[in-house]
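Remarks on the structure that follows.
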Amino acid sequence: MLVWSKSGRIAIWAIFALLFGVLFLAPLAVILLSSLAGQWNSVLPSSLTLEHYSDVVQGSAGDSVKASFITGIAASALALVSGAWAALALRVQGATLARLLGLLFFIPSAVPSVSVGLGLLVAFSNPPLLLNGTVAIVMVAHFVLISAFTFGNVSAGLARLSPDFEQVASSLGARSAYRLWHVTLPLLAPYLAAAFGLSFALSMGELGATVMVYPPGWVTLPVSIFSLTDRGDIFAGAALTMILVAATLVLLLGLERVTRRATGS
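In terms of UniProt numbering, the sequence shown has 95 at position 95, counting the first letter as 1, and numbering is strictly consecutive.
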């Protein structure tokens, strides 16, 4: 009962604020300060500047943003279609078979992303399917890594979906295709949007597999950040990190707004 008392709630909120601040806000604040730091020789930067943002924007940042956006959107769209299709198909199977086949979608998420990248590099470096050195292998790597999360989100939505709506549509003479497009998918719209948003966010931050397979001229933001920090250019890497965070948030907020309008919420 202590939890439900006023003092208990205050204590819980204080613990949450402390953990949230230390584990999330503090590292993000340090990155933000690093991106603006002219010199940092003490606890706080001695001067602030936008020079690091100017340097990365004038450099390859624009190409990296473009590569990350195109890769994220393409891989997330493909993962959404395949994950939704698989979830809908397994819905009509027996419970044992659906559970067994469903586990297959989660295997890539249990494998380190570097191993996925290495596997794709080895598998597609020779004919008849030669993808090494192309943009396609980056798309495939991201698709493999995010498809499990899309499938899981859509499957969770289907589990919460009441069959009454589809049964009523069926009793009124609606065929399977009509029920799918006009009943099931509209009811699943919030879960589909959430699945796409999660997939896109994961794709935008993916590094392990991408650094193994990316071709010259298609460098994503995480790879650029890794390259900058690996060379010791921490401030420029921090600036590019903040660009990555801002770009991802803008697209996710825009997607949420579109979803709310579409669902009327």
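Don't be surprised by glycine CBs; every beta carbon is placed ideally from N, CA and C.
So, helix, strand or coil for residue i, using DSSP?
i: residue 39; result: strand
i: residue 131; result: coil
i: residue 64; result: helix
i: residue 47; result: strand
i: residue 220; result: coil
i: residue 136; result: helix
i: residue 161; result: coil
i: residue 148; result: helix
i: residue 260; result: helix
If you follow the alpha helix (DSSP H) that residue i is in, where does it begin and where does it stop?
i: residue 182; result: Residue 182 -> no alpha helix (DSSP H), and no H or E assigned at all.
i: residue 16; result: 6 to 20
i: residue 59; result: Segment: none, residue 59 is in no alpha helix (DSSP H) and carries neither H nor E.
i: residue 114; result: 113 to 123
i: residue 211; result: 210 to 213
i: residue 93; result: From DSSP, residue 93 is part of no alpha helix (DSSP H); its letter is neither H nor E.
i: residue 164; result: 164 to 171
i: residue 110; result: 107 to 110
Measure the C-alpha to C-alpha separation of residue i and residue j and round it to an integer number of angstroms.
i: residue 281; j: residue 236; result: Shown here, the chain extends from 1 to 265; a query on residue 281 therefore has no answer.
i: residue 98; j: residue 199; result: 23 Å
i: residue 180; j: residue 78; result: 19 Å
i: residue 1; j: residue 24; result: Low confidence applies here, because residue 1 scores a pLDDT of 48, under 50, leaving its location unreliable; read the following figure in that light. Taking the straight line from one Cα to the other gives about 30 Å.
i: residue 255; j: residue 32; result: 25 Å
i: residue 343; j: residue 238; result: The shown model of the chain, from 1 to 265, leaves out residue 343, and the question about it has no answer.
i: residue 267; j: residue 28; result: As displayed, the chain neither begins before 1 nor continues past 265, which places residue 267 out of reach and without an answer.
i: residue 63; j: residue 162; result: 45 Å
i: residue 117; j: residue 76; result: 17 Å
i: residue 30; j: residue 225; result: 16 Å
i: residue 59; j: residue 210; result: 20 Å
i: residue 139; j: residue 52; result: 30 Å
i: residue 66; j: residue 72; result: 10 Å
Tell me, to the nearest whole angstrom, how far the beta carbon of residue i is from that of residue j; I am working on the premise that it is less than 8 Å.
i: residue 147; j: residue 108; result: 7 Å
i: residue 154; j: residue 169; result: At roughly 20 Å, the Cβ-Cβ gap does not stay under 8 Å, so residue 154 and residue 169 are not in contact.
i: residue 215; j: residue 134; result: 6 Å
i: residue 87; j: residue 151; result: 6 Å
i: residue 240; j: residue 61; result: 6 Å
i: residue 212; j: residue 121; result: 6 Å
Does the beta carbon of residue i sit closer than 8 Å to a beta carbon anywhere in chain C?
i: residue 203; result: Absent from the structure is chain C; it holds one protein chain and no more.
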